[in-house]
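Peer 1: The structure's right below; bear with me while I get my questions together.
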Amino acid sequence: MAQKQERLFARTNQLHPGTVHWPNPTDGTAHLLGLPPGAPLMVFDAIGRLVFRALADDGGTAKLQLTGLPYGIYTVRTTDGRTVRVVLQE
Numbered sequence: 363m364a365q366k367q368e369r370l371f372a373r374t375n376q377l378h379p380g381t382v383h384w385p386n387p388t389d390g391t392a393h394l395l396g397l398p399p400g401a402p403l404m405v406f407d408a409i410g411r412l413v414f415r416a417l418a419d420d421g422g423t424a425k426l427q428l429t430g431l432p433y434g435i436y437t438v439r440t441t442d443g444r445t446v447r448v449v450l451q452e
């Protein structure tokens with residue numbers, strides 16, 4: 363199982379090379395850089411439910427507070443089509 367998780371984590375950084383997200387995996391808070399200023403973000407759980415919304419600041423950075431959500435893989439989407447995955451773990 364550990365090898366499968368390692369491959370998954372490595373692949374998440376390749377989904378959109380212009381967007382940087384850290385830490386990934388995270389234990390509650392993730393940051394995304396390289397977004398359009400003011401870009402709305404939507405965070406979806408593994409079955410496609412919207413669980414969180416945020417806006418990128420004027421510098422193109424967004425802070426995602428995922429604390430309290432179940433552990434797992436979340437997909438972050440912007441309205442300009444950028445998609446990254448964030449892993450929430452213990």
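Under our numbering, the residues of the sequence shown are numbered 363 to 452, in order.
C-beta: ideal position from N, C-alpha, C; glycine also.
Counting only runs of 3+ residues fully inside the segment 380-450, write out the beta strand (DSSP E) ranges in chain order.
Peer 2: 382-384, 391-395, 402-406, 412-417, 424-427, 434-440, 445-450
Peer 1: Starting from the C-beta of residue 420, find all residues in its chain whose C-beta is less than 8 Å away, skip the five residues before and the five after it, and write them out in chain order.
Peer 2: 399, 400
Peer 1: Within 10 Å of its beta-carbon, does residue 436 have 16 or more other beta-carbons around it, so buried, or fewer, so exposed?
Peer 2: Buried is the call here.
Peer 1: Report, in whole angstroms, the separation of the C-beta atoms of residue 451 and residue 407, which I expect to be a contact under 8 Å.
Peer 2: So it is not a contact: roughly 14 Å between Cβ atoms.
Peer 1: Determine, using beta carbons only, whether residue 417 and residue 392 come nearer to each other than 8 Å.
Peer 2: no
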